[in-house]
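J.: Residue numbers for the sequence shown follow the working numbering, beginning at 32 and rising by one.
Ideal Cβ positions, reconstructed from N, Cα and C, are used throughout, including at glycine.
Every value quoted in this text rests on a predicted model; they were computed, and no experiment measured them.
Please see the structure below; I have some questions.
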Amino acid sequence: MKRRDFLRKSALTAATGISIPYFITGCVRPTHRRIGPNDRFKVGFIGCGGRAHALMNTERLSDHADVVAVADCYLTRIDERAKATPGADKWVRYQDYRKMLEKEKLDAVFVPTTTHARVLACITAMQAGCDVYAEKPFALTIAEGRSLAKAVKKYKTVLQVGTQQRTIPINAWASKLIRDGAIGKVKEVLAPNFIAPDRWKPLPAEEMPPGLDWDLWCNQTELRPYHKELQFGWAKWWDYDGVGKSWGVTGWGTHALDQAQDGMGADDTGPVEIWTEGADAAGNVRVTMKYANGTLLKCHSPLRQKDDKGHNVYHDLGAIFVGEKATLEIRRGSLVCDHPELIKDAPPGYPAATNGEVVWHIKNFFDCCRSRKRPAAHVEAAQRATTLCYLINIVRDMNRKLKWDPKAEKFIGDDQANKELSRPRRKGYELPKEFA
Numbered sequence: 032m033k034r035r036d037f038l039r040k041s042a043l044t045a046a047t048g049i050s051i052p053y054f055i056t057g058c059v060r061p062t063h064r065r066i067g068p069n070d071r072f073k074v075g076f077i078g079c080g081g082r083a084h085a086l087m088n089t090e091r092l093s094d095h096a097d098v099v100a101v102a103d104c105y106l107t108r109i110d111e112r113a114k115a116t117p118g119a120d121k122w123v124r125y126q127d128y129r130k131m132l133e134k135e136k137l138d139a140v141f142v143p144t145t146t147h148a149r150v151l152a153c154i155t156a157m158q159a160g161c162d163v164y165a166e167k168p169f170a171l172t173i174a175e176g177r178s179l180a181k182a183v184k185k186y187k188t189v190l191q192v193g194t195q196q197r198t199i200p201i202n203a204w205a206s207k208l209i210r211d212g213a214i215g216k217v218k219e220v221l222a223p224n225f226i227a228p229d230r231w232k233p234l235p236a237e238e239m240p241p242g243l244d245w246d247l248w249c250n251q252t253e254l255r256p257y258h259k260e261l262q263f264g265w266a267k268w269w270d271y272d273g274v275g276k277s278w279g280v281t282g283w284g285t286h287a288l289d290q291a292q293d294g295m296g297a298d299d300t301g302p303v304e305i306w307t308e309g310a311d312a313a314g315n316v317r318v319t320m321k322y323a324n325g326t327l328l329k330c331h332s333p334l335r336q337k338d339d340k341g342h343n344v345y346h347d348l349g350a351i352f353v354g355e356k357a358t359l360e361i362r363r364g365s366l367v368c369d370h371p372e373l374i375k376d377a378p379p380g381y382p383a384a385t386n387g388e389v390v391w392h393i394k395n396f397f398d399c400c401r402s403r404k405r406p407a408a409h410v411e412a413a414q415r416a417t418t419l420c421y422l423i424n425i426v427r428d429m430n431r432k433l434k435w436d437p438k439a440e441k442f443i444g445d446d447q448a449n450k451e452l453s454r455p456r457r458k459g460y461e462l463p464k465e466f467a
């Protein structure tokens, strides 16, 4: 689709008030601007919540790029973010990100939106010629994640997903150590037992705050009456996420399960069987997944663990790999091994409670935007790790053993479970048919 057609289509939408999908099958993606080693990226943000604050104020972002435009369906968020971000006086501000993508000539876009709005925003940005940094979980459903992967392939987009342990030097080194066989064949991988989402229960409508485009916020989901619990507590509800808050399956669970996949070398596959094994003391149902090579991934460990000195143990963000020769625990930014000699050459760790790990991830993203190479947290790795999150939610919901075909990304012989792989999308917020 030519840029003038894109603009004409948008003008029609604005004039008529009719919500029209922004995608035309067979559209041609604009050519990337060549970014030289000394050139700076022109960057936009879609979503200006708390995660945007962390990304905007990361030193590696300012090393490589200038934030020139921001968009948020809740204008108050932009005002809040501007007060806390140097250089915000230079931003061009939009309520509708689609208008930002039409008008601004951006090289890359960061997408720390709500989960239910993320894939549509990412694909729209790709069609506008942008590379994309997408927060995790990068999709609302398994099918939606595959749609995004198809779009990345078609448009040759550099897409980095915010599972930043992929670029923390000590984590990446340890994952490769395991893949290279240092601990022997991996028999089990132990991960925390993360919290499941809740089903939304209707609440009385509340007065909508000024500056909020509620239709755009609801996006693909049902246009429900406004309630602040939806706007600010969306991450724990099934319709909007798989529990993207800290202790949730698609929150810190995404990081831990991505770490598991990375260490197992399973970026192009997944388990073949999934089942539940009762509940832990907190009432969270334990889940076990079996891979074709016999490795078991057990999400059984209680959350909020502490060491013998009472300090938090950041295994909540990683995994324990039990091999035939040794056991290696990969935490965010540190390692523990029952054979210390195996990790004597590991890169330095760092304080896991800081936000410092993002600097490597953002640098990797911009380096790949220049080189056109695949980034560390590429779309296929993200799809496979996020799939684990949703398999956990689905098997808990079904409460029976499920068989999974990781190639077809379908449950075997279970029509009811397969219905959970996708969701109907509200009119005006459909994905392009070629990716659906």
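(1) Taking all protein chains shown into account, decide if Pro455 is buried (16 or more other Cβ within 10 angstroms of its Cβ) or exposed.
(2) Quick one: what's got a C-beta closer than 8 Å to His95's C-beta in the same chain, skipping five residues either side?
(3) Measuring alpha carbon to alpha carbon, tell me which residue in Lys464, Lys216, Cys153 and Leu348 is nearest Ile199.
(4) Starting from Val192, follow the beta strand (DSSP E) in both directions and report where the run begins and ends.
(5) Measuring alpha carbon to alpha carbon, tell me which of Pro117, Glu133 and Asp211 ends up nearest Leu373.
(6) Can you tell me whether Ser178 is buried or exposed? The criterion is at least 16 other CB atoms within 10 Å of its CB, across all chains shown.
(7) Mind reading off the beta-carbon distance from Asp293 to Glu411? Whole number of angstroms is fine, and I expect it under 8 Å.
(8) Identify the continuous alpha helix (DSSP H) that holds Lys207 and give its terminal residues.
(9) Select from Thr146, Gly80, Ser365 and His409 the residue whose C-alpha is nearest the C-alpha of Ala115.
(10) For Arg457, which residues from the same chain have a beta carbon less than 8 Å from its beta carbon, with the 5 sequence-adjacent residues on both sides left out?
(11) Taking Cβ to Cβ, would you say Lys136 is nearer than 9 Å to Tyr125?
(12) Which residue comes first and which comes last in the beta strand (DSSP E) that contains Met320?
(13) What residues in its chain sit with their C-beta under 6 Å from that of Tyr437, if we drop five residues either side in the sequence?
(14) Under 9 Å, do Thr172 and Leu452 count as touching if we go by C-beta distance?
(15) Is it right to say Asp369 is buried, meaning 16 or more other beta carbons lie within 10 angstroms of its own, or is it exposed?
(16) In whole angstroms, what separates the C-alpha of Thr418 from that of Leu366?
(17) Where Ser332 and Ala287 are concerned, what is the direct C-alpha to C-alpha distance, given to the nearest angstrom?
(18) If we require 3 or more residues per run, which beta strand (DSSP E) segments fall completely within the region 148-195?
T.: In short:
(1) Locating residue 455 in the sequence shown gives position 424, counting from the first residue. Per the 10 Å Cβ criterion, exposed.
(2) Against the sequence shown, residue 95 aligns to sequence position 64. Contacts found: Arg71, Phe72, Ile393, Lys394 and Phe397.
(3) The sequence position of residue 199 within the sequence shown is 168, counting from 1. Considering only alpha carbons, the answer is Leu348.
(4) In the sequence shown, counting from the first residue as 1, residue 192 sits at position 161. Leu190 to Val192 is the extent of the beta strand (DSSP E) around Val192.
(5) Within the sequence shown, numbered from 1, the residue matching residue 373 stands at position 342. Comparing Cα-Cα distances from Leu373 to each of Pro117, Glu133 and Asp211, the minimum goes to Asp211.
(6) Position 147 of the sequence shown, counted from the first residue, corresponds to residue 178. Under this definition Ser178 is a buried residue.
(7) Taking the first residue of the sequence shown as 1, we reach residue 293 at position 262. Taking the first residue of the sequence shown as 1, we reach residue 411 at position 380. Actually they do not touch by this definition, with Cβ atoms about 12 Å apart.
(8) As a working mapping, residue 207 is identified with position 176 in the sequence shown. Element bounds for Lys207: Pro200 to Arg210.
(9) As a working note, residue 115 is residue 84 in the sequence shown. For Ala115, the nearest C-alpha among the options comes from Gly80.
(10) Taking the sequence shown and counting its residues from 1, one reaches residue 457 at position 426. Excluding positions up to five away in sequence, the list reads Cys249, Asn250, Gln251, Thr252, Glu253 and Leu254.
(11) Against the sequence shown, residue 136 aligns to sequence position 105. Against the sequence shown, residue 125 aligns to sequence position 94. For Lys136 and Tyr125, no; Cβs fall outside 9 Å.
(12) On the sequence shown, position 289 is the one that residue 320 refers to. Residues Val316 to Lys321.
(13) Along the sequence shown, one-based indexing puts residue 437 at 406. The displayed chain sequence assigns Pro, not Tyr, to residue 437. Cβ within range, chain order: Thr300 and Gly301.
(14) One-based indexing of the sequence shown puts residue 172 at position 141. One-based indexing of the sequence shown puts residue 452 at position 421. Against a cut-off of 9 Å, the Cβ pair of Leu452 and Thr172 comes out as a contact.
(15) To locate residue 369, count along the sequence shown from 1; it is residue 338. Exposed, since its Cβ has fewer than 16 Cβ neighbours within 10 Å.
(16) As a first step, residue 418 must be located in the sequence shown, where it is residue number 387. As a first step, residue 366 must be located in the sequence shown, where it is residue number 335. C-alpha separation (whole angstroms): 26 Å.
(17) Here residue 332 corresponds to residue number 301 of the sequence shown, with the count starting at 1. Here residue 287 corresponds to residue number 256 of the sequence shown, with the count starting at 1. Whole-angstrom Cα-Cα distance: 12 Å.
(18) 162-165 and 190-192
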